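Using the numbering used here, read the sequence shown as starting at 39 and increasing by one per residue.
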Amino acid sequence: MAVPTPGGAPVLTAEEAATEVGHALNKVLGAYRFYAEGHAALAEVQQRLVECVSRYHAVTGEAVVLHIRSSALLLGDVVLVESASAKDSVTRPLFLEGVQEVLWQPGVEAEELGAFLAMWHRALQRTLPPEYDFYTWFWERGFEDIELVVAEVPASAETGESAQTEAQLAEREEQLFADLTRRQSSGSGRRRPVGHDEWLARLEAEVLAPVSAQDLVRSGAPAFEGASDAEVAELRALLERERGGVGVHERSVWMVWGLLAVCREEERAALLGWMEELLSGFVSHGRWAELSQVVQGMTRDARASGARAPDLYAVTRLFFLEAPRFALAQATAQPGVLLRVLELLSALPRDALQGATDLLFELPSPEARGALAKLLVRRGVSLGVLVTRAASLGERDLDWLQFLREAGPEAQPLTAALLSHPRPRVRAALLSRLNPRDLEPQRSALLRLLADPEAEVRGAALVLLVRHGVEAAVGPLVSRLEVKLEARERMAVLRALADLGGPLAGAALRTAFEREQDVELKAHCARCIGVLGDPRARPLLEAVASKLFAPRVLKQACREALAQLAPVG
Numbered sequence: 039m040a041v042p043t044p045g046g047a048p049v050l051t052a053e054e055a056a057t058e059v060g061h062a063l064n065k066v067l068g069a070y071r072f073y074a075e076g077h078a079a080l081a082e083v084q085q086r087l088v089e090c091v092s093r094y095h096a097v098t099g100e101a102v103v104l105h106i107r108s109s110a111l112l113l114g115d116v117v118l119v120e121s122a123s124a125k126d127s128v129t130r131p132l133f134l135e136g137v138q139e140v141l142w143q144p145g146v147e148a149e150e151l152g153a154f155l156a157m158w159h160r161a162l163q164r165t166l167p168p169e170y171d172f173y174t175w176f177w178e179r180g181f182e183d184i185e186l187v188v189a190e191v192p193a194s195a196e197t198g199e200s201a202q203t204e205a206q207l208a209e210r211e212e213q214l215f216a217d218l219t220r221r222q223s224s225g226s227g228r229r230r231p232v233g234h235d236e237w238l239a240r241l242e243a244e245v246l247a248p249v250s251a252q253d254l255v256r257s258g259a260p261a262f263e264g265a266s267d268a269e270v271a272e273l274r275a276l277l278e279r280e281r282g283g284v285g286v287h288e289r290s291v292w293m294v295w296g297l298l299a300v301c302r303e304e305e306r307a308a309l310l311g312w313m314e315e316l317l318s319g320f321v322s323h324g325r326w327a328e329l330s331q332v333v334q335g336m337t338r339d340a341r342a343s344g345a346r347a348p349d350l351y352a353v354t355r356l357f358f359l360e361a362p363r364f365a366l367a368q369a370t371a372q373p374g375v376l377l378r379v380l381e382l383l384s385a386l387p388r389d390a391l392q393g394a395t396d397l398l399f400e401l402p403s404p405e406a407r408g409a410l411a412k413l414l415v416r417r418g419v420s421l422g423v424l425v426t427r428a429a430s431l432g433e434r435d436l437d438w439l440q441f442l443r444e445a446g447p448e449a450q451p452l453t454a455a456l457l458s459h460p461r462p463r464v465r466a467a468l469l470s471r472l473n474p475r476d477l478e479p480q481r482s483a484l485l486r487l488l489a490d491p492e493a494e495v496r497g498a499a500l501v502l503l504v505r506h507g508v509e510a511a512v513g514p515l516v517s518r519l520e521v522k523l524e525a526r527e528r529m530a531v532l533r534a535l536a537d538l539g540g541p542l543a544g545a546a547l548r549t550a551f552e553r554e555q556d557v558e559l560k561a562h563c564a565r566c567i568g569v570l571g572d573p574r575a576r577p578l579l580e581a582v583a584s585k586l587f588a589p590r591v592l593k594q595a596c597r598e599a600l601a602q603l604a605p606v607g
């Protein structure tokens, strides 16, 4: 059943509300790994969990019932957490003590829920007080709106592990705990809150393996941004060594992705810088399968909860920064790689693809540009940037731009921008591709092209306007006759006036016939008058045709024109 959530938020189903609770719970338990209790960042993720729990109560009207399994955590039929092995599961300490269900009743407060989660984390880290186990300490705390359903401790057979395996596992867990947890010198067994610089040093050790965490401890640095120049140079060298081909690890990307969920705002830029270089390494070395898996995994995380959507957009936008964008553009030049690049881009969120327009201009081949443009249009990304950057396009790009220009009236600005292209060959090539639907919206621009500085463009515009009978071209063509033109172009203008017709064209042809001194051009004027069929030119033609010493070619042209004229009256 779908129920509207408060405040006009989108309608949620019970499954979606449960998924939100699971994602928020994972964030809280993950945040405990990096922040001491009471830290502002930890309080923030705890508050998000409280909000998700309240939303679940509102949607279902029931308590949040977490079903504890050896390697999974369920809420109803929704699997919130599932581990490959029981030893890695967040439910392990509760399951081994017989906890079958955890109930968060409606009305549970943030303080009470935070105290319970702190106990859960301490049980995971084996830092409970020595005299307590989880079950005993829970009941002594006296929680009001949190309940446990406890059964007998499951037998080893139920977990799928033998007693010997259990013993070895417990011993290994103790060893790992001793290695990774620093204790106070008093020996009380309580874990000392890990400083922010220390956990970031551990992060760097994971991402830049095989660096030792001890090599990267910054005792005097107040935060991640406080690294010295020498240390940054060392980290950079280590990162480059890892990016040397096979050293580009998926593990590194997932580590940074996980930290983006719990980092402080001032550290976000540095983490995204790491992610940018790692993604560039994947692209440069052709690790397309791994890269697609990474993007799909991040997308699943973001869909599980809207809280990670900003992280997903921030990471996927990195593909269109300078270094990854250059790597993608270069990769498309290799045979068969363009399809892999398009598959990767099609998996990105629409908002991230807004930056793909810069990549469009850097692709080396028009075919690749066309394929990317179709992908962006299909995903609803506006290509309005083509209008402002039309000068970056070439003659070969007109083929793939054709489908954009034919998209409808909204594409007319692109056609107008191309008609003003700085290269004459592009303007002329575009004119040959225009269709009748383009003529009326672009009429002013087309008429201006009749006086273009380049003869090739003027000729193409003339052919287009005459072919489609645009009578508005008569005025500009008459003006062209007042300009000194080469004989061939002048003949073309005169013939265009004859084909377009009208009183203004007739008057211009009669004037040109009277003024023209060149015999060949004068004969051409006579033929054009014949094509137009203007009866008012009859006296002019008859006077020349009857002259005794007029050139034979001119007299013949006048006789032919007279035969074509319309009868007087």
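Think of the CB as a built atom: it goes at the ideal place given N, C-alpha and C, for glycine as much as any other residue.
Just so it is clear, the structure is predicted and the values come from calculations on it, not from any experiment.
Contacts around A78, its chain only, beta-carbon distance under 7 Å, and the 5 residues preceding and following it disregarded
Residue mapping note: residue 78 aligns to position 40 of the sequence shown, counting from 1. Cβ within range, chain order: n/a, list empty.
Between the region 361-375 and the region 395-402, can you find at least three pairs of beta-carbon atoms closer than 8 Å?
Contact annotation: the region 395-402 touches the region 361-375, with at least three C-beta pairs closer than 8 Å.
Per the DSSP calculation, H506 is bridged to which residue(s)?
Translated into the one-based positions of the sequence shown, residue 506 becomes position 468. DSSP lists no partner for H506.
Bounding residues of the beta strand (DSSP E) (the contiguous stretch that carries L547)
Mapped onto the sequence shown, residue 547 falls at position 509. L547: not part of any beta strand (DSSP E); member of the alpha helix (DSSP H) spanning 541-553, first to last residue.
May I ask you to report which of helix, strand or coil DSSP gives A299?
One-based indexing of the sequence shown puts residue 299 at position 261. Three-state result, A299: coil.
From what residue to what residue does the beta strand (DSSP E) around A110 run?
For the purposes of this step, residue 110 is taken as residue 72 along the sequence shown, with counting starting at 1. Counting along the chain, the beta strand (DSSP E) containing A110 begins and ends at 110-113.
Residue span of the alpha helix (DSSP H) that contains E360, given as start and end:
Residue 360 sits at position 322 when you count from the first residue of the sequence shown. Unbroken alpha helix (DSSP H) run through E360: 360-369.
What span of residues does the beta strand (DSSP E) with V102 cover, start to end?
Here residue 102 corresponds to residue number 64 of the sequence shown, with the count starting at 1. V102 -> beta strand (DSSP E) spans 102-106.
Roughly how far, in whole angstroms, is the beta-carbon of L410 from the beta-carbon of L380, given that I think they are within contact range, below 8 Å?
Here residue 410 corresponds to residue number 372 of the sequence shown, with the count starting at 1. Here residue 380 corresponds to residue number 342 of the sequence shown, with the count starting at 1. 7 Å between Cβ atoms; contact.
Residues of its chain near Q143, where Cβ-Cβ distance is below 6 Å and the 5 sequence neighbours each way are ignored
The residue labelled residue 143 in the question sits at position 105 within the sequence shown. Cβ neighbours of Q143 beyond the five flanking positions: A101, D183.
My output table needs one value for Q163: the three-state DSSP class, helix, strand or coil.
If you number the sequence shown from 1, residue 163 lands on position 125. Correct three-state label for Q163: coil.
Going along the chain, which residues of its own chain have a beta-carbon closer than 8 Å to the beta-carbon of E314, five neighbours each way excluded?
Walking along the sequence shown from the start, residue 314 turns up at place 276. Excluding sequence neighbours, E314 sits near L356, L359, A361, P362.
Residues of its chain near L600, where Cβ-Cβ distance is below 8 Å and the 5 sequence neighbours each way are ignored:
Taking the sequence shown and counting its residues from 1, the one referred to as residue 600 is at position 562. Contacts found: G568, R576, L579, E580, A583.
Given this structure, state the Cα-to-Cα distance separating S403 from A498, to the nearest angstrom.
Indexing the sequence shown from 1 puts residue 403 at position 365. Indexing the sequence shown from 1 puts residue 498 at position 460. Between the alpha carbons of S403 and A498 lies a distance of about 27 Å.
Taking Cβ to Cβ, would you say M157 is nearer than 8 Å to F172?
Locating residue 157 in the sequence shown gives position 119, where the first residue counts as 1. Locating residue 172 in the sequence shown gives position 134, where the first residue counts as 1. Contact flag set, yes.
Could you compute how far the alpha carbon of R518 sits from the alpha carbon of L488?
One-based indexing of the sequence shown puts residue 518 at position 480. One-based indexing of the sequence shown puts residue 488 at position 450. For R518 and L488, the gap between their C-alpha atoms comes out near 8 Å.
What three-state label does DSSP hand T51 in the structure shown?
By 1-based counting over the sequence shown, the position of residue 51 is 13. Reduced to three states, the DSSP call for T51 is strand.
Which two residues bound the contiguous beta strand (DSSP E) that contains L397?
Position 359 of the sequence shown, counted from the first residue, corresponds to residue 397. Looking at the DSSP string, L397 is not in any beta strand (DSSP E); the run it does join, the alpha helix (DSSP H), is 394-400.
Through-space distance from L538 to V508, alpha-carbon basis:
Locating residue 508 in the sequence shown gives position 470, where the first residue counts as 1. Locating residue 538 in the sequence shown gives position 500, where the first residue counts as 1. A straight line joining the alpha-carbon of V508 with that of L538 spans about 7 Å.
Restricting to Cα atoms, I'd like to know which of V187, A385, E75 is closest to G609.
The structure shown does not extend to residue 609, since the chain spans only 39 to 607, so no value can be given for it.
Residues in the same chain with beta-carbon distance under 8 Å from R463, minus the five sequence neighbours each way, listed in chain order, please.
Translated into the one-based positions of the sequence shown, residue 463 becomes position 425. Around R463: E433, E494.
By alpha-carbon positions, which one of R465, L439, L155, T165 ends up nearest to N64?
Taking the first residue of the sequence shown as position 1, residue 64 is located at position 26. Measuring C-alpha to C-alpha distances from N64 to each of R465, L439, L155, T165 identifies L155 as the nearest.
P131 classed as buried or exposed, judged by whether at least 16 other C-beta atoms fall within 10 angstroms
Looking up residue 131 in the sequence shown gives position 93. Buried, because 16 or more other Cβ atoms sit within 10 Å of the Cβ of P131.
How about A530 and L500: are their beta carbons less than 8 Å apart?
The residue given as residue 530 occupies position 492 in the sequence shown. The residue given as residue 500 occupies position 462 in the sequence shown. When the beta-carbon positions are compared, A530 and L500 come within less than 8 Å of each other.
Among R471, H506, L162, A511, the one whose alpha carbon lies nearest that of R486
Position 448 of the sequence shown, counting from 1, holds the residue named residue 486. Nearest option by C-alpha distance: A511.
Alpha carbon to alpha carbon, how far is A546 from E598? Give it in angstroms, no decimals.
Position 560 of the sequence shown holds residue 598. Position 508 of the sequence shown holds residue 546. Distance between the alpha carbons of E598 and A546: 20 Å.
Distance CB(A455)-CB(V425) smaller than 8 Å
Taking the sequence shown and counting its residues from 1, one reaches residue 455 at position 417. Taking the sequence shown and counting its residues from 1, one reaches residue 425 at position 387. The answer is yes: Cβ separation under 8 Å.
Rounded straight-line distance, which links the Cα of P479 to that of A588:
Taking the sequence shown and counting its residues from 1, the one referred to as residue 588 is at position 550. Taking the sequence shown and counting its residues from 1, the one referred to as residue 479 is at position 441. Cα to Cα, A588 sits roughly 48 Å from P479.
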